[in-house]
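Worksheet: one structure, shown below.
Protein chains: 2
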Amino acid sequence: MIGTPRPRPDAPSKVRGAMRFASDQPKRGLLHGRLVLAQRAHARIVSIDTSAAVAVHGVVAVLTAADLQITAEGTDRLSRPLARAEVVFAGEPVALVVGRTPAAAADGAELVRVRLQALPTVVDPEAAMVAGSQLAREELATEGDRTGAMDAQTHAGVGGASDESIDAEDLSDNVTGRYRYRQGDPLGALSRSAITREASFTTSWVHQGYLEPHACTAWVDADGTLVVESSTQALFSVRNEVAKALGLQQRQVRAVGTPLGGGFGGKWPLFDTLAAAAAWKLRRPVRLAATRTEDFAATNPGQPYATTISLSADAEGRFTHLGARIVTDAGAFEEGSAESLAGVLVAGPYAWPAVDIKAYGVRTNRFGVGAYRAPSAPQMAFAIETTVDEVAGALGVDPIELRRRNLSMAGGQMVDGEAWAAHGAAEVLDALEATATWRDRASAGTDEGVGVALGYWPGATNAASAACRVSPDGSIQVLTGVADMSGVAGGFQAIVADALGISPDAVQIVTVDSDAAPSSPGSGGSTITYSAGRAIRAAAEAVGERLLAAAALQLEIAVADLELVGGAVQPRGTPDKAIPLAKLVRAHARAGRAPIEAQAGADEPSLAPSVSGHVVRVRVDRETGAVAVLADHVVQDVGRVLNAALVVGQQHGAAVQSLGWATHERLVHDANGQLVTGTFLDYALPRAEDVGRLEATSVEVPAPDGPLGAKGIGEAPVIAGAAAVANAIAAATGVRLRDLPMTRPRVWRALNP
Amino acid sequence: MIGTPRPRPDAPSKVRGAMRFASDQPKRGLLHGRLVLAQRAHARIVSIDTSAAVAVHGVVAVLTAADLQITAEGTDRLSRPLARAEVVFAGEPVALVVGRTPAAAADGAELVRVRLQALPTVVDPEAAMVAGSQLAREELATEGDRTGAMDAQTHAGVGGASDESIDAEDLSDNVTGRYRYRQGDPLGALSRSAITREASFTTSWVHQGYLEPHACTAWVDADGTLVVESSTQALFSVRNEVAKALGLQQRQVRAVGTPLGGGFGGKWPLFDTLAAAAAWKLRRPVRLAATRTEDFAATNPGQPYATTISLSADAEGRFTHLGARIVTDAGAFEEGSAESLAGVLVAGPYAWPAVDIKAYGVRTNRFGVGAYRAPSAPQMAFAIETTVDEVAGALGVDPIELRRRNLSMAGGQMVDGEAWAAHGAAEVLDALEATATWRDRASAGTDEGVGVALGYWPGATNAASAACRVSPDGSIQVLTGVADMSGVAGGFQAIVADALGISPDAVQIVTVDSDAAPSSPGSGGSTITYSAGRAIRAAAEAVGERLLAAAALQLEIAVADLELVGGAVQPRGTPDKAIPLAKLVRAHARAGRAPIEAQAGADEPSLAPSVSGHVVRVRVDRETGAVAVLADHVVQDVGRVLNAALVVGQQHGAAVQSLGWATHERLVHDANGQLVTGTFLDYALPRAEDVGRLEATSVEVPAPDGPLGAKGIGEAPVIAGAAAVANAIAAATGVRLRDLPMTRPRVWRALNP
């Protein structure tokens with residue numbers, strides 16, 4: 102039953118439209134919040150006149166920052182959900198209108214008069230780095246604390262140890278993060294080099310594009326508990342952030358998760374502290390369900406990177422040196438900015454005799470920064486993997502073979518000094534080489550080309566716990582606080598089914614609120630199946646031991662002579678003496694014995710990188726610059742396939758999402774920091790007709806710490822997609838694209854320089 | 102912190118009116134059910150014409166038994182929530198009108214035309230026992246299965262082993278239970294007797310009188326789960342009974358508990374299967390919130406007993422023989438009938454050289470039978486304790502001394518052959534003797550008298566489990582599926598606080614739904630603190646061990662040298678090196694170690710009887726027969742006081758409730774089985790002005806298996822109240838009252854024979 106494809110347990114209700122999301126939940130006396138968004142990207146607030154808004158029939162309150170009982174002193178977004186004295190991006194919430202209906206709140210929001218005194222807008226990270234340049238947040242002229250509001254688990258657990266020399270660089274206070282990774286002898290390495298390729302790359306702000314806009318509802322319960330019901334990836338983060346913002350004990354706050362209508366990294370706590378503060382102030386239930394416009398303008402999308410790479414190799418194609426300079430736009434709220442991770446990921450899954458990598462995060466007047474499926478990894482893969490492809494071409498070495506020669510080995514040193522864990526890059530390369538798309542690349546038609554690229558995700562790791570119970574009907578309940586963003590419940594079912602010899606259908610995955618849930622990590626960074634799955638496995642195994650012990654007592658047979666098979670306990674190899682679990686558990690209960698339940702915790706596991714590659718075939722329309730992706734074959738090392746349907750779903754979804762990044766998606770601001778792509782008309786997600794033939798192959802290199810060897814699989818398959826498309830375009834046309842997305846105008850201009 | 106009085110955690114919200122009960126819960130698209138009740142006590146259903154009801158604007162459906170998709174074949178009330186072919190009591194639901202508003206449903210219910218063909222009504226249990234007499238349920242002419250729909254835990258775990266000779270008695274099929282307990286040599290015992298007192302007693306049907314009528318709401322969730330949200334004492338019973346009735350797997354049903362607005366035994370599953378069947382049929386949310394009239398007419402109140410006792414003693418006042426014949430009205434649905442337990446409890450906490458006790462349950466055309474605080478125990482205490490009092494008077498022995506001479510000892514034989522557990526009867530008698538009310542009894546004024554009586558409750562026992570977790574703020578969450586009927590959460594807090602050396606306020610008791618909860622018994626029979634408290638204690642201790650281990654790692658000190666004190670771990674006796682739990686847990690989490698949580702189960706414990714007595718002073722108004730209870734001093738062996746406020750609250754509440762039984766409360770039917778006391782105007786609960794001075798004393802004889810020695814305390818203090826009032830009346834007037842309630846007319850008639 103491990104590995105067989107089974108549908109997601111939540112699929113039928115989602116397909117039928119029966120699922121109730123955060124903004125569908127009924128609540129007696131519910132009030133509705135509507136945001137008043139700043140119309141300038143950088144300004145001082147002169148005054149906020151709420152009188153006309155308050156007078157609107159049905160408006161209950163108009164709240165500004167001064168009204169919120171927020172006691173946290175941090176300058177992060179969750180501690181500052183409404184602008185105080187300074188507006189720091191166009192779209193920043195400056196007031197919240199609370200009405201008895203959404204319409205009343207919207208009418209009120211139109212009438213709030215916000216007087217702003219414009220300040221110079223900081224939108225160019227490179228310019229903003231220069232010492233003495235205009236600050237994006239004057240309120241932080243003396244650098245405040247950089248509170249990591251987004252829990253560390255969104256990012257993989259790498260990227261820490263930075264070379265201290267970078268701290269001496271004279272940069273402006275807009276630079277919120279700086280990291281330098283330096284290894285080996287650069288001069289010696291370069292002296293052995295036969296070839297060096299240097300190039301610069303840019304990527305764009307990208308929005309997570311979930312179907313369900315942000316939504317949360319907060320109220321004060323009868324017992325004084327502040328409840329926050331939220332469409333969130335991270336139940337405990339909601340509880341902890343709300344408690345911190347309002348100066349409450351964690352036990353005074355209860356976070357309730359609702360089914361996620363998509364997350365992709367964007368559904369970490371965001372409006373939760375605002376809704377909570379409003380409910381706390383008004384002592385009435387307040388819902389904040391973002392409109393699509395608010396969701397584009399005021400959330401935390403994925404940040405862009407400007408990367409310059411210098412890659413050297415010897416004549417046999419062995420990499421000798423990697424130089425890189427990475428600058429990322431950390432937006433106005435840099436809590437999620439991933440420059441330190443980018444500095445590690447730019448080196449790819451390769452071994453380098455010498456590296457010198459600098460990575461900077463720079464504050465600007467744009468958004469907050471959020472996670473978006475493998476933060477920084479696709480952007481870095483776009484740079485390194487297209488450069489590797491170029492070097493392969495220059496040296497006349499097969500691109501897959503070139504990668505194979507340079508793969509990092511387990512125990513080798515990553516650029517931040519951490520040891521490489523074992524990974525399946527070699528196996529992925531073999532599988533990529535075996536795909537029909539790759540084998541048939543010579544038969545590409547006119548203006549067609551095939552490209553390959555590799556990517557890896559180190560994988561977030563967390564401690565976790567879970568509980569498991571057997572009901573009198575023999576079914577198994579597993580208790581977790583994990584938000585199921587991507588169908589992980591299906592994997593959990595397989596893990597438990599394998600441990601207990603039952604059908605996955607007999608396993609219920611029960612997600613509960615933060616009062617009741619076993620401590621569970623937020624869903625991000627591919628941590629869940631790997632980290633929480635370990636705890637679930639351990640809890641199921643403990644229940645299995647108790648089932649065997651109960652059967653041993655009833656059958657008067659030693660535990661060692663019993664096995665769990667087919668929803669029953671039986672003497673080994675003797676199915677005719679099997680006791681079905683339901684019968685066993687009922688007899689156990691009748692005898693007055695303690696219920697068969699278990700709780701288990703798992704320590705944070707070691708890193709378990711997942712490697713994934715794409716082979717892409719494109720056709721380029723030289724007249725229009727349009728790039729058609731004819732085929733995309735994703736190959737991924739998943740450790741162990743727990744549920745083939747879920748794995749393939751992740752891989753197909755990743756292929757489509759990386760296609761969007763490759764050719765369509767970007768959030769564009771004008772020079773004043775005004776967002777000009779704030780709807781799905783302007784921000785183009787791939788449509789079904791944009792997607793060519795999708796294929797997916799999983800290879801299984803078990804993770805030593807993973808449940809049944811499984812790894813986190815959500816991030817890795819999205820990483821190499823855009824790079825593979827770029828390499829395929831180069832194969833088709835001989836032209837290198839170095840800016841994402843590779844839109845028709847950009848491709849046309851590259852073809853017609 | 103053990104034993105100190107602390108307010109119930111749920112008190113503020115109840116006092117302020119902020120608590121939301123079952124019928125306050127919002128639900129989108131909610132429909133409202135209204136019952137159509139049978140107007141005759143016994144009849145055949147000729148036809149049910151729903152056409153006029155269906156035509157009412159806002160009526161969505163009118164359901165009869167044939168419409169429900171109930172597959173269970175049992176004849177118990179939960180399998181037969183609407184009458185099929187036969188009406189078996191006046192007030193039995195025969196149809197359910199479902200409307201968009203309660204008013205529409207009520208209008209519809211008025212228009213349902215139920216044609217009944219009358220059958221002879223069975224209301225006299227004694228007559229109904231005679232072989233060949235009219236059957237109360239003709240549909241069961243061939244005796245169906247007697248499904249025990251109410252879980253065994255409502256009753257104490259005694260009363261099983263019956264003498265088989267009773268099965269030979271030629272009785273009608275109305276007799277649904279018959280038990281005989283026979284021990285010793287009756288002839289020899291009687292030959293040693295100096296005195297025999299024989300008397301007959303009756304008690305009445307009594308309603309649990311909770312403030313909140315029965316209410317439950319059922320719906321089918323997006324994933325197909327049938328959810329039942331109910332004001333219930335027994336979460337898992339709701340799940341299991343609904344699954345059984347509708348032929349579903351337990352995992353297809355989820356039971357959600359709501360705060361109880363009183364239970365007292367009456368809130369075991371009742372309308373849950375009906376609401377669930379309606380929601381299952383209509384695929385829409387259906388609420389069934391009983392009106393007070395429905396709640397009086399159609400629920401499961403406490404059953405009445407007719408008891409004849411013959412008590413013999415030797416000249417020194419040592420009991421020699423107890424004969425008893427007990428007949429209880431088991432109503433039309435006898436699933437909760439407690440005659441087997443009554444047969445044991447009638448013997449009191451005394452040792453008997455010989456007994457011959459017969460107990461019968463007899464089906465009639467009245468209600469179903471429910472539990473009501475110590476089912477059968479107050480009724481039996483009324484019989485035995487007033488007879489003991491009479492014997493004491495006849496022998497000239499002090500009534501407390503007479504009881505002391507005859508107390509059962511640990512290891513001695515109960516009348517059903519079980520061994521007596523240790524109990525605190527001797528200590529309770531000492532404390533009763535020491536009360537001012539007893540010491541000053543000689544100073545009673547004219548028509549005043551002081552009476553004493555004893556009672557005991559064997560205590561229900563169950564296996565249970567619980568989970569415990571430490572949050573980063575150092576607070577403790579305890580997870581349970583226990584419905585908090587009587588403030589048990591406060592006792593749980595004390596148990597956990599003691600185990601972990603923290604303040605009870607830092608402990609949250611979290612009750613969750615049947616999907617998520619650790620297996621937990623229903624709240625009844627005084628099982629919770631004793632049985633579930635054991636599991637909570639074990640889970641807290643396991644967490645304590647993990648906390649010590651974590652501190653040992655951080656401090657590099659052996660676990661044995663550490664202690665949990667004052668919300669911290671410290672080297673023994675070294676508070677200046679204490680690490681607060683919050684700090685300890687956060688460091689533990691930062692190190693990536695498994696969260697500190699634990700789950701623990703506890704086997705069913707041994708019996709732990711709680712003994713309680715009352716000393717009551719009354720004044721009798723000879724003109725009117727009015728009995729004023731001037732003072733009531735309750736003494737109880739509680740094992741260990743966990744929270745003095747809760748214990749005293751139970752004891753004061755019990756004193757008031759037993760006063761109601763003693764002098765006011767009864768459900769009266771006319772000869773046709775029609776209820777004539779169906780409102781709180783007719784069914785008189787005690788008012789504040791009826792209650793005299795209340796005092797309470799707890800003695801502590803630890804239960805070996807109890808958490809910190811605690812026993813279940815809810816039932817015992819209610820048992821002896823009415824008997825003590827009767828004995829006080831006898832002391833005041835010389836007249837013995839033998840029928841409950843001792844209303845003014847009855848007292849007046851006894852005084853004026």
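These protein sequence lines are chains A and B, in that order. All letters in the first sequence, in the order written, are residues 102 to 854 by our numbering. All letters in the second sequence, in the order written, are residues 102 to 854 by our numbering. We put the beta carbon where it would ideally sit given N, CA and C, even for glycine.
- With contacts defined by Cβ atoms closer than 9 Å, Ala356(A) and Asp373(A) form a contacting pair.
- Pro370(B) and Leu179(B) have their alpha carbons spaced roughly 8 Å apart.
- In terms of beta-carbon proximity, Asn744(A) stays away from the interface with chain B, with every pair separated by 9 Å or more.
- The CB of Arg283(A) never comes closer than 9 Å to any CB in chain B; the least such distance is about 27 Å.
- Closest by C-alpha distance to Val826(B), out of Arg426(B), Tyr784(B), Arg718(B), Met102(B), is Arg718(B).
- For Gln594(B), no chain A residue has a C-beta closer than 7 Å to its own C-beta; the minimum C-beta separation is roughly 12 Å.
- Within the region 342 to 387 of chain B, complete beta strand (DSSP E) segments of at least 3 residues are found at 354 to 358, given in chain order.
- Taking Gly560(A) as reference, the option from Pro619(A), Ala162(A), Ile501(A), Pro476(A) with the minimal CA-CA separation is Pro476(A).
- When the beta-carbon positions are compared, Trp762(B) and Pro479(B) come within less than 9 Å of each other.
- Restricted to the region 523 to 547 of chain A, not a single beta strand (DSSP E) segment is unbroken, complete and at least 3 residues in length.
- Here DSSP, grouped into helix, strand and coil, assigns Ile814(B) to coil.
- Non-local C-beta neighbours of Thr538(A) in its own chain, meaning closer than 7 Å and more than five positions away in sequence, comprise Val551, Val716, Arg718, Ala732, His734, ordered along the chain.
- Between Gln351(B) and Ser572(A), the C-beta gap is smaller than 9 Å, which places the two residues in contact.
- In terms of Cβ geometry, Gly118(A) and Val161(A) do not form a close pair [threshold 9 Å].
- Against chain B, a Cβ distance below 9 Å from Asp111(A) picks out Ala323, Asp324.
- For Thr562(A), the closest Cβ of chain B is nearer than 9 Å.
- Every alpha helix (DSSP H) of 4 residues or more that sits fully in the region 268 to 329 of chain A is shown, in chain order, as 287 to 292.
- In this model, Leu375(B) and Leu183(B) are separated by some 8 Å (Cα to Cα).
- Counting along the chain, Thr421(A) sits inside the beta strand (DSSP E) bounded by residues 420 to 434.
- Within the same chain, and ignoring the five residues on either side of Arg723(A) in sequence, the residues whose Cβ sits closer than 7 Å to its Cβ are Asp548, Leu852.
- Annotation: the region 435 to 504 of chain B contains the following complete segments of the alpha helix (DSSP H) (minimum length 4 residues), in chain order: 440 to 446, 478 to 496.
- Using beta-carbon distances, Ala173(B) does not count as an interface residue toward chain A, since no partner is under 9 Å.
- According to the DSSP assignment, Glu265(A) belongs to no alpha helix (DSSP H), since it is labelled neither H nor E.
- By the Cβ criterion, the region 503 to 515 of chain B is in contact with the region 444 to 452 of chain B, since at least three pairs of Cβ atoms, one from each stretch, lie closer than 8 Å.
- Taking C-alpha positions only, Ala526(B) is separated from Val613(A) by approximately 45 Å.
- Going by DSSP, Asp208(B) is part of the alpha helix (DSSP H) stretching over 203 to 212.
- Secondary structure at Ala407(B): strand, using DSSP grouped into helix, strand and coil.
- Residue range 565 to 571 is occupied by the beta strand (DSSP E) that includes Ala565(A), with no alpha helix (DSSP H) assigned at that position.
- For a Cβ distance threshold of 7 Å, residue set Gln578, Gln609, Val611 of chain B lies close to Asp616(A), ordered along the chain.
- Pro696(A) is classed as buried because its beta carbon has at least 16 other beta carbons within 10 Å across all chains shown.
- Not one beta carbon of chain A lies nearer than 9 Å to the beta carbon of Lys382(B).
- For Ala455(B) against Pro287(B), the beta-carbon gap comes to about 5 Å, under 8 Å, which counts as contact.
- Taking 9 Å as the CB threshold, Ser114(A) lines the interface with chain B.
- Interface flag for Pro681(B) against chain A is unset, since no Cβ pair is found closer than 9 Å.
- In the DSSP annotation of this structure, the continuous segment of the alpha helix (DSSP H) that includes His753(B) starts and ends at 745 to 764.
- Among the bridge pairs identified by DSSP, Thr581(B) is matched with Thr612(B).
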